[in-house]
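Structure first, commentary second.
There are 2 protein chains.
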Amino acid sequence: MTDSQRTRAGGKQERLVRAASELLHENGVARTSLAKVAAAADVPLGNVYYYFKTKDELVQAVIAAHAEAIRAELAGLERQHPLPLDRLKAFARSLTRSGAHVSRYGCPHGTLCSELGKREDGPGAAAAALMGEYVDWAQDQFRLLGQQDARDLALTLVSVFQGASLLAHTFRDPDVMRGQAEQLERWLDMVGQPR
Amino acid sequence: MTDSQRTRAGGKQERLVRAASELLHENGVARTSLAKVAAAADVPLGNVYYYFKTKDELVQAVIAAHAEAIRAELAGLERQHPLPLDRLKAFARSLTRSGAHVSRYGCPHGTLCSELGKREDGPGAAAAALMGEYVDWAQDQFRLLGQQDARDLALTLVSVFQGASLLAHTFRDPDVMRGQAEQLERWLDMVGQPR
DNA sequence: GTCTATAGACCGATAGAC
DNA sequence: GTCTATCGGTCTATAGAC
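Dropping the structure here:
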């Protein structure tokens with residue numbers, strides 16, 4: 001395959017993943033048909049199956065793209081903040097920024113895990129890796145802070161993040177995210193100071 | 001309608017709601033067909049429509065049953081514990097008990113809100129009331145404790161509860177719930193003491 | 001009130017021309 | 001590689017006999 005072919009093929013494949021990512025977030029996996037994804041990506045329906053053998057394979061491509069974006073986001077936090085406590089606080093503050101979109105459609109990663117977690121096949125395990133990225137990263141930061149129970153603290157941080165996203169979504173209220181970001185910062189000040 | 005007719009009708013209606021409640025929790029709304037509900041309740045498919053005009057109406061009946069169960073659970077906590085702080089701690093501990101079921105299928109209320117929140121019609125608003133029951137009750141308890149920011153504290157409590165349920169479900173690990181129940185109790189000791 | 005049979009719409013996936 | 005047409009299956013909901 002030449003580079004220009006890869007570019008053209010990647011163009012359509014990328015458009016499909018991008019369109020699917022948006023529609024899965026807005027409507028969920030089960031209520032998103034390949035026909036709607038194809039239309040949104042401006043690709044004929046039958047052509048979707050040239051790039052993805054099944055619907056599940058497209059879903060997993062969306063999850064893989066999310067995982068890559070998460071790793072880039074967390075790497076960015078590490079670059080911008082040398083101190084682990086500042087990184088964790090910046091992570092907490094990121095709740096506020098996405099408030100409008102999350103309050104309408106939920107956290108894109110959390111809603112995927114909630115829906116796919118009920119299934120036992122491939123996509124469920126792939127979605128679990130998304131939460132794993134966040135929890136493992138937070139655990140590393142708490143360990144750098146010298147915390148013995150870094151795992152539990154990391155799980156609490158991500159729990160509040162995901163729980164606040166769910167409540168903001170449920171109540172359609174972005175203020176929930178702003179308020180919980182403040183609660184998280186206060187909590188981090190209490191538990192995150194090195195002893 | 002006589003009492004005996006209401007009893008017979010209620011018998012089938014009740015079986016349908018109970019079967020639907022279980023299947024919606026295990027498989028989600030979109031992936032649960034009325035045929036499966038009817039089979040699980042031992043009611044012929046066509047007969048379902050005598051009791052519920054649409055699938056959404058059955059879903060809303062399930063949500064109404066959940067809401068009633070939540071009110072009974074919270075009223076029980078108030079009866080067993082005179083002190084608001086003890087009530088909140090008992091609520092936090094209840095995370096541990098449901099660990100096995102929640103880690104397999106998620107919190108029944110949280111997964112409903114996550115899925116139905118993406119929709120704009122009736123069931124979405126009904127599901128939101130489930131979270132409202134928990135948050136309003138917790139807010140009352142924090143207010144009894146003399147807390148000024150009772151609303152934010154209540155949202156944090158329910159956020160950890162829901163976030164821990166999501167992570168336990170995602171990782172299929174009941175220990176997440178036990179650990180976060182302990183974190184919540186510790187947090188309640190820190191913020192919940194009257195000044 | 002109860003149940004069978006099926007209409008009507010939609011979906012995932014495939015066949016096969018180009 | 002690309003696209004059209006369509007198959008086979010499942011779903012919600014209804015029609016109509018009993």
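Chains as they are written, first to last, in full-length UniProt numbering: chain A, 1 to 195; chain B, 1 to 195. Backbone N, C-alpha and C define an ideal beta-carbon position, used for all residues, glycine too.
Skipping 5 residues on each side, what residues in its chain have a beta carbon closer than 6 angstroms to that of residue i?
i	result
A/Leu116	Pro123, Gly124, Ala127
A/Leu85	Gly192
A/Thr32	Leu23, Leu24
A/Gln13	Tyr51
A/Glu26	Tyr105
residue 211 of chain A	Outside the shown range of chain A (1 to 195) lies residue 211 of chain A, about which nothing can therefore be said.
Taking 7 angstroms as the limit between beta carbons, can you name the residues of its chain near residue i, skipping five residues before and five after?
i	result
B/Thr2	In this predicted model, B/Thr2 has a pLDDT of only 46, less than 50, meaning its place in the structure is not dependable enough to derive any value.
B/Ala181	Ala92, Arg93, Leu95, Thr96
B/Val102	Ser165, Ala168, His169, Met177
A/Ala129	Ala67
A/Glu73	none
In whole angstroms, give me the CA-to-CA distance for residue i and residue j.
i	j	result
A/Gly76	A/Ala30	33 angstroms
A/Cys107	B/Pro82	37 angstroms
A/Gly179	B/Ser114	20 angstroms
A/Arg143	B/Val17	47 angstroms
A/Leu145	A/Arg79	17 angstroms
B/Gln147	A/Gly110	30 angstroms
B/Gln141	B/Gln162	19 angstroms
A/Glu120	B/Ser21	20 angstroms
B/Ala150	B/Ala38	44 angstroms
A/Leu184	A/Asp152	15 angstroms
A/Gln60	A/Gly11	18 angstroms
B/Met190	A/Ala19	46 angstroms
A/Lys36	A/Ala65	20 angstroms
A/Ser98	A/Ala90	13 angstroms
Are the Cβ atoms of residue i and residue j separated by less than 8 angstroms?
i	j	result
A/Pro174	A/Ala92	no
B/Glu133	B/Arg186	no
B/Lys118	A/Tyr105	yes
B/Ala164	B/Ala154	no
A/Leu188	A/Val176	no
B/Leu112	B/Leu157	no
B/Val135	A/Ser159	no
Once you ignore the five residues that flank residue i on each side, which residues in its own chain have a CB closer than 8 angstroms to its CB?
i	result
B/Leu34	Leu45, Val48, Lys55, Leu58
A/Phe15	Looking at the sequence itself, residue 15 of chain A is Arg, so the reference to Phe does not match. Ala41, Asp42, Val43.
B/Gly28	Thr111, Glu115
So which residues of chain B does residue i contact, with C-beta pairs closer than 9 angstroms?
i	result
A/His169	Cys113, Ser114, Gly117, Lys118
Can you list the residues of chain B that residue i reaches, using a CB-CB cut of under 7 angstroms?
i	result
A/Thr156	Val160, Gln180, Gln183
A/Val17	Simply none; closest approach about 20 angstroms.
A/Val176	Leu155
Using a cut-off of 8 angstroms between C-beta atoms, extract the partners of residue i located in chain A.
i	result
B/Gly110	Ser114, Leu166
B/Asp152	Gly179, Gln180, Glu182, Gln183
Residue i touches chain A at which residues, Cβ-Cβ below 9 angstroms?
i	result
B/Asn47	Chain A residues near B/Asn47: none, gap ~26 angstroms exceeds 9 angstroms.
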